[in-house]
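J.: Residue numbers (UniProt numbering): 1 to 220.
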């Protein structure tokens, strides 16, 4: 079992900004509370994720520097309730990405730190995206796809596909799990679909620290 790490102050600051932005934009139920991950009840540890415990132990030392706000999962498990729409508009679950390590990121156009980190996520996907790893950004703007599509086009984000949930159900399901406290929220999920770690707040995902963490999970 891994040791809980506190969320860093810079991330808490950005989460607060995101939460305020959400209130201004009329987004519901985005709140801030400094805590660990995976203590919100809900799904229990999966017997299918026993091997993930060793993986978490091996990569926890890599959660430092630009990704120091990453918090290792106490109980690696599959998040069965997480679902959203794919680029074609059809419903997906995390099972769709079986065999790949996934960096799942929830974002919105009204969330300033979300917007700022999208180019870094795009760069990470360009460099490391493969049949073994994928960045999966899920936009939770209400309404249709026009606003997020326009934002991605205007900012030159060209390597990321647009995944969507305009009902915010995916955020609320992660909130119940104790994983989502504001935006952006990012989950690192291994190729077996098991939760490895989570972060609330933005990060420099194109940094050497982030790449080392991803490589550790993909290659461990």
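Glycine included, every Cβ here is placed at the ideal spot set by N, Cα and C.
Apart from the five residues just before and just after residue 123, which ones in its own chain have a Cβ nearer than 7 angstroms to its Cβ?
T.: Here the set comprises 206.
J.: If we count the other Cβ atoms within 10 Å of its Cβ and call it buried at 16 or more, is residue 152 buried or exposed?
T.: Flag for residue 152 reads buried.
J.: Using 8 angstroms for Cβ pairs, my map puts residue 59 next to residue 217. What's the rounded Cβ distance?
T.: Rounded, the Cβ-Cβ distance is 6 angstroms, consistent with contact.
J.: Measure the C-alpha to C-alpha separation of residue 179 and residue 106 and round it to an integer number of angstroms.
T.: The alpha-carbon atoms of residue 179 and residue 106 are separated by roughly 11 angstroms.
J.: Pull up the CB-CB distance for residue 92 and residue 86, whole angstroms please, since I reckon it's below 8 angstroms.
T.: Going by Cβ atoms, the distance from residue 92 to residue 86 rounds to 5 angstroms, so yes, they are a contact pair.
J.: Please classify residue 113: does DSSP put it in a helix, a strand, or coil?
T.: Helix.
J.: Spatial neighbours of residue 53 within its chain, please: C-beta separation below 7 angstroms, excluding the five flanking residues on both sides.
T.: Here the set comprises 76.
J.: So, at 7 angstroms on beta carbons, what are the nonlocal neighbours of residue 117 in its own chain, with the 5 sequence-adjacent residues on each side left out?
T.: Within the same chain, residue 117 has close Cβ partners 184, 202, 203 and 205.
J.: From what residue to what residue does the beta strand (DSSP E) around residue 198 run?
T.: Element bounds for residue 198: 195-200.
J.: Tell me whether residue 31 sits in a helix, a strand or coil according to DSSP, three-state version.
T.: Model confidence at residue 31 stands at a pLDDT of 31, short of 50, so the residue's coordinates are unreliable; what they give is reported in the following sentence. Three-state DSSP puts residue 31 in coil, outside helix and strand.
J.: What do you get for residue 47, buried or exposed, if any count of 16 or more other CB atoms within 10 angstroms of its CB means buried?
T.: So residue 47 counts as exposed.
J.: Enumerate in chain order the residues of its own chain whose CB-to-CB distance from residue 141 is below 6 angstroms, with the five nearest sequence positions on each side excluded.
T.: Excluding residues within five positions, the ones whose Cβ falls inside 6 angstroms are 108, 109, 147 and 148.
J.: Using the beta-carbon count (16 or more within 10 Å), is residue 29 buried or exposed?
T.: Bear in mind that the predicted position of residue 29 carries a pLDDT of just 32, short of 50, making it unreliable; the figure below should be weighed with that in mind. The residue is exposed, with fewer than 16 neighbouring Cβ atoms inside 10 Å.
J.: What separation, rounded to the nearest whole angstrom, lies between the Cα atoms of residue 158 and residue 80?
T.: Near 29 angstroms, if we compare the C-alpha coordinates of residue 80 and residue 158.
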